[in-house]
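The structure appears below as structure tokens.
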Amino acid sequence: MSRTTKICSIVVIGIWLLMALAPSLLAPGDPLAINPTEAFAKPGFAHFFGTDESGRDIYTRVIHGAGDSLAIGLAATALGMGLAIVLGTIAALSPRWLDEIILRVLEALYAIPSLLMALLIIAFTGPGVGPAIVAVGLSTAPGYARLVRSQIRTLKNSEMLEASTVLGRSTWLKVRNHLIPNALKPLLALVTLGIGQAVIWAAALSFLGLGTPPPAPEWGAMLSAGRTYLHLAWWMSLFPGLAIVAVAVCATLIGRALGGKVKSL
Amino acid sequence: MNTIAWVGRKVGGALVVLWLVASAIFIAIRLIPGDPAEAIMGGPGSQASAQALAAARAEYALDQPIITQYFLYLGKLLTFDFGTSYSLKQPVTQVMGEVLPNTLWLSLMALLIAWLLALCFSALAMRAGRIGTFVGNLLEIIAAAVPHFWLGAVLIMLFSSALGWLPAVDNGTGRGLVLPILTLALPLAGFLTQLMRDSLTEAMSSQFALAARARGESRLKLFWRHGLRHAALPALSLTGWAFSSLLSGAVVVEAIFARPGLGRSLLSAVLARDIPMVTGIALFSALVYIVVMAISEGIERMINPAGDPR
Amino acid sequence: MNEQTLITVKDLSVSFGATPAVKNISFSIKAGKVLALVGESGSGKSVTARSLLGLSGGSVTASELSVCGQDARALSDRSWQKIRGNSVSMILQDALMALDPLRPVGREIGDGLKEHTNLSAKQRKQRVLEVLESVRMPEPELRARQRSTELSGGMRQRALIAQALAGNPQVVIADEATTALDSQLTALVLSQLRALKDQGRGVLMISHDLAQVAHLADEIAVMRQGEIVESGSAEQVLNDPQHEYTRKLLHAVPSGVPRYASLSSSGETQPSSAVGVPASGPLALAVADLSKSFGKQSAVDSVSFKLPQGKTLGIVGESGSGKTTTARMVLGLQKPDSGTVELLGERFAPGSESQRRKLREHMGAIYQNPLGSFDPRYSVGQLLADALSRGKSKRASEYRGQMEQLLEQVELSTNLLGRNPRELSGGQRQRLAIARALAPQPSVLVLDEPVSALDVSIQATVLDLLDRIQLETGTSYLFISHDLSVIEHMSDNVAVMHNGRIIEQGDTTEIFGAPQQEYTKTLLSAMPRLR
């Protein structure tokens, strides 16, 4: 990772964190404040991104939405990736027959498209923020688990570990000194790429009316509201969407700089 | 491995995967706390009538031991009986038969367009200079990161609201298909281009490319004879995944463009918590994924019978 | 024979940006003659070869560059295309990489005809079969339909040569065409090149190994750092080398050089302190009836050998003969189906890893590609500290003295301690691997193709180093290689492996002087020799 990429990544992450943790610094207004007289105001100096059907300021809402959107994305990634790391590692390190069984199950789960799987889970649990996190987490886990498994398996069969065996190191030392540290970096890349995807999936659920309910300033929910007024107020859809794209692109760029492959998602 | 053995293994593997998916769904339904009959009929909030609950109990043989239920359930699946949608009061298979062609057509077209776009862009990228490569790179990443639900909205704003070139809703002329297909195809194209460009660059700078040049082939012929195959291979092996992501995308796209299809039916079934319908669609899309996967692997085998060259 | 000059090169220079790769070299290629361009990696020999096809990719200047009668100094790519494959063609190093794995070899061979002739598809097919027959491809019709990945090593080499011959070129360039091939494949390629020469074609042979070209070349030009330092008739260059560098390259060839005689300098390898190896005492390694099969395929079939202390046992065989599987079983990395491995008189395998672990410090391993066996996060110092630590504290400072001692032992500068192994050259990496293996002061080293990826002169210094270490420490070597000349120079005893079995073993001079088995005889006759 080059120096410039490092600095850029840190700056970008810093901005997102600032938006998520202290949105009022960037947008002092109230994201939920209604002002019907100013409904459907075009983007301008008074309202950078315009206002929605109830006169709420879109700029304020996009900034304040960062917290929810990112938190849902992070939580879903943590759940999916945590599950994936556990399953993938077990599969990679266990004897052939167990590995085969886990692999088959993962393949079966992978056969259901992610969003369909998420919808399936929500059909069981009912809509809401919590179910959306669980749904996105669970539906992305099988794909990640397969990657984690193959990554650890490659490491496990590497000449590096063989050399360590020849030097007489115990299994625990090999795992601690070589396997875990060398598996971490690609996993970090994968997690970064995954956050971008999770934010998108979570927003998709809100967009479909199954995640965060309105009028909360969550990006997907804002897009869902904007859809109704697409011909009337394009700014209602444009800016929350740009925010999602920005997060996803940043996550991809940072993930790739960390050595992640696009192929992996 | 000969072809018959290969097909046999594929079919066997597909059956195992389908069986596992079916079993997972069966277990999931039983894991919901409370009365399974009630869960099937939309959960405690749906206020299903006693009569409907009794019908569900009979249909799913809920009074039988759980093992019997399981085998009855598998037996029904074997005859393509996915149960009855309680919200539509129709057999799930029938509903799917009506909407599936729409979705498959949409996804296939999108897949085709994405492939064509990716091929064109990868070929163009070979000639691009440093700035061109950088811009192309960024565009691919952005395209791959754009969510369908927003891209669809942007395309409608641009081509329908602002320019008025294309209808936002299908009016039966086929022109209404353009925007939904583009919405699905562009992100996939961005993703495929990244893959294809990588393998194309690798192929064009390989030893066999040098050997081909040393035989007197021009750059263009090198691209046609050697580059294309190598570019297509990794993208082809991801067709199963691509199709699966298109089905995901179709749920959103069908909602935005108000098109009838698998995704829309699924969405309304989820909102109504219509479990037979939802599980039926999930199972069915798994089947579609497996079939597409097998076809793409078959094509891959034709291009590259020896397996992974690297 | 008519000595028509096909290619004349005068004052050729090639540079990439500001970096010169080839500086003012001159040579000519004549019909029916073989010119060998010999030099190490980075000497500019491949760039020179490519510039004869207009494919160097750098900026080319020359006072004369005539290719088959054409002034090639300012040709357009289109005009070059008429020369490539038609008048001049090229055979690249690795047949697996140089043939498109996704296309049938018949198509690859026919492509050149498509470019240069107006033959119909049927005639082209006919010609492809003719070419395949001319390189003695078995079952040419079947092979033409197969892809290179489906062919055996030998067939692949034949297909590679055939694709260069399809256009009936006057000049063939063989760029390291024999490098990294086992001896029988090398012999195959050399005989094919000889056939080309006998057909009256001009051949430019490029190699880093003088022994490979010795019997074929009419003329030899030695390249170093982009310049030709010496050129002349093969006889003159090989028997009466004028330039010091040529002498060094010749000296580095291990075939026929007695045990412990230095390859990198004249004279014996001088140990700083020799240890007496006990004449009696347990064997360093005793392997009995070792077998291993994968599925129905038998990889190693009742292999037995003994390795006395302070000695070297060479295991030689072609790829797929079971050498590496044997090494892995000896190292306890693969469980044998049957048989035993004893290390210093104690049972090493089969057995549980925890039992084996306390014996591990007595046996080390060196691989062909050392980089793969290093943790990519470790610096040279951390790597050595890890090896010295015996699994305990890993703080590098504690081992500073020992680390410096190890580096000195393998003739590496102690300044390298903070560097990452990826920044080292191939020879330095292998030295580092040796240093790491020596850290626990083992009695036995298992070396699996330790010098196969190295240039001849680097190989010479590493082999000398191994000799010196053996004399100084009395370490026994199990030395595995496909290269007969390396084995001959390094081993006290030799075992010849073929199809998973040891078909012959005994004293090195006896086996190399009077082989009993037919297979060994074929191997030895295929061995390129200088002396």
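Chains as they are written, first to last, in this note's numbering: chain A, 1288 to 1552; chain B, 319 to 628; chain C, 3 to 533.
Backbone N, C-alpha and C define an ideal beta-carbon position, used for all residues, glycine too.
Predicted, not measured: the structure shown is a model, and the values here were computed from it.
Extent of the continuous beta strand (DSSP E) run through residue i
i	result
Met365/C	365-368
Leu39/C	36-40
Phe1526/A	Element bounds for Phe1526/A: not the beta strand (DSSP E) but the alpha helix (DSSP H), 1522-1544.
Thr1324/A	From DSSP, Thr1324/A is part of no beta strand (DSSP E); its letter is neither H nor E.
Arg577/B	Segment: none, Arg577/B is in no beta strand (DSSP E) and carries neither H nor E.
Met207/C	204-209
Ser483/C	478-483
Outcome for residue i when other beta-carbon atoms lying within 10 angstroms are tallied against a minimum of 16
i	result
Asp626/B	The pLDDT assigned to Asp626/B is 46, lower than 50, so where the model puts this residue is not dependable, and the model offers no usable value.
Val1549/A	Bear in mind that a pLDDT of 46 at Val1549/A, under 50, signals an unreliable position, so the number given afterwards is only what the model happens to contain. Buried is the call here.
Met3/C	Its pLDDT being 45, under 50, Met3/C is placed unreliably by the model, and the measurement read from it follows with that caveat. Exposed.
Arg493/B	exposed
Ile489/C	buried
Lys407/B	exposed
Ile85/C	buried
His1518/A	exposed
Ile343/B	buried
Val329/B	exposed
Val1373/A	exposed
Thr1364/A	buried
Glu178/C	buried
First through last residue of the alpha helix (DSSP H) which encompasses residue i
i	result
His548/B	546-555
Phe526/B	525-532
Ser487/C	486-492
Tyr521/C	520-527
Ile436/C	428-440
Ala1395/A	1383-1397
Lys539/B	537-540
Met414/B	410-445
Within chain D, the residues that residue i reaches when beta carbons sit closer than 9 Å
i	result
Asn1469/A	Annotation note: the requested chain D is absent from the structure, which comprises protein chains A, B and C.
Residues near residue i in its chain [Cβ-Cβ closer than 6 Å; skip 5 each side]
i	result
Gln432/C	Pro372, Val464
Gly234/C	none
Lys308/C	Leu285, Ala288
Neighbourhood of residue i by C-beta, 8 Å cutoff - its chain only, sequence neighbours within 5 removed
i	result
Ile368/C	Gln432, Ala435, Ile436, Ala439, Leu447, Val448, Leu449, Asp450, Pro452
Leu1308/A	Gly1354
Ile513/C	Val496, Val498, Glu506, Gln507, Thr522
Tyr1397/A	Pro1429, Gly1430, Arg1433
Ile111/C	Val130, Val133, Leu134, Ala146, Ala161, Ala164, Gln165, Ala168
Ile347/B	Pro354, Ala357, Ile358, Ile593, Thr597
Arg1456/A	Asn1464
Any non-hydrogen atom of the ligand MG within 6 Å of residue i CB
i	result
Phe1336/A	As far as ligands go, the structure on display features none, and thus does not contain the ligand MG.
Neighbourhood of residue i by C-beta distance below 7 Å, restricted to the same chain and skipping five residues each side
i	result
Ser440/B	Thr511, Met514, Arg515, Leu518, Ala549
Gly383/C	Ala398, Met405, Leu419, Gly420
Cβ contact (3+ pairs, closer than 8 Å) linking the region 469-483 of chain B and the region 401-414 of chain B: no
Contacting positions in the region 515-537 of chain B - beta carbon closer than 7 Å to chain C: Ser524, Gln525, Phe526, Leu528, Ala529, Ala530, Arg531, Ala532, Arg533, Gly534, Glu535, Ser536
Inter-stretch contact (C-beta, 8 Å, three-pair minimum) for the region 452-472 of chain C and the region 425-443 of chain C: yes
Residues within the region 107-137 of chain C neighbouring chain B, beta-carbon criterion of under 7 Å: Asp113, Gly114, Glu117, His118
Contact residues within the region 62-90 of chain C, judged by C-beta distance below 9 Å to chain B: Asp79, Arg80, Trp82, Gln83, Lys84, Ile85, Arg86, Gly87, Asn88, Val90
Residues in the region 1446-1459 of chain A having any Cβ partner in chain C nearer than 7 Å: Glu1446, Met1447, Glu1449, Ala1450, Thr1452, Val1453, Leu1454, Gly1455, Arg1456, Ser1457
Inter-stretch contact (C-beta, 8 Å, three-pair minimum) for the region 1487-1503 of chain A and the region 417-435 of chain B: no
Meets three-Cβ-pair contact criterion under 8 Å: the region 1311-1322 of chain A and the region 1457-1471 of chain A: no
Three or more C-beta pairs below 8 Å linking the region 504-513 of chain B and the region 59-79 of chain C: no
Residues of the region 582-612 of chain B whose Cβ lies closer than 9 Å to any Cβ of chain C, in chain order: none
Within 8 Å of chain C by C-beta, residues of the region 1328-1345 of chain A in sequence order: none
Under 7 Å (Cβ pairs) to chain B, residues found in the region 1423-1434 of chain A: none
Cβ contact (3+ pairs, closer than 8 Å) linking the region 553-561 of chain B and the region 605-615 of chain B: yes
Segment contact flag, the region 578-591 of chain B with the region 1378-1398 of chain A, C-beta cutoff 8 Å, min 3 pairs: no
Given 8 Å, three or more beta-carbon pairs between the region 573-589 of chain B and the region 1492-1507 of chain A: yes
Interface residues of the region 539-550 of chain B facing chain A [CB-CB below 8 Å]: none
Touch test, the region 31-39 of chain C against the region 205-225 of chain C, Cβ-Cβ under 8 Å, three pairs minimum: yes
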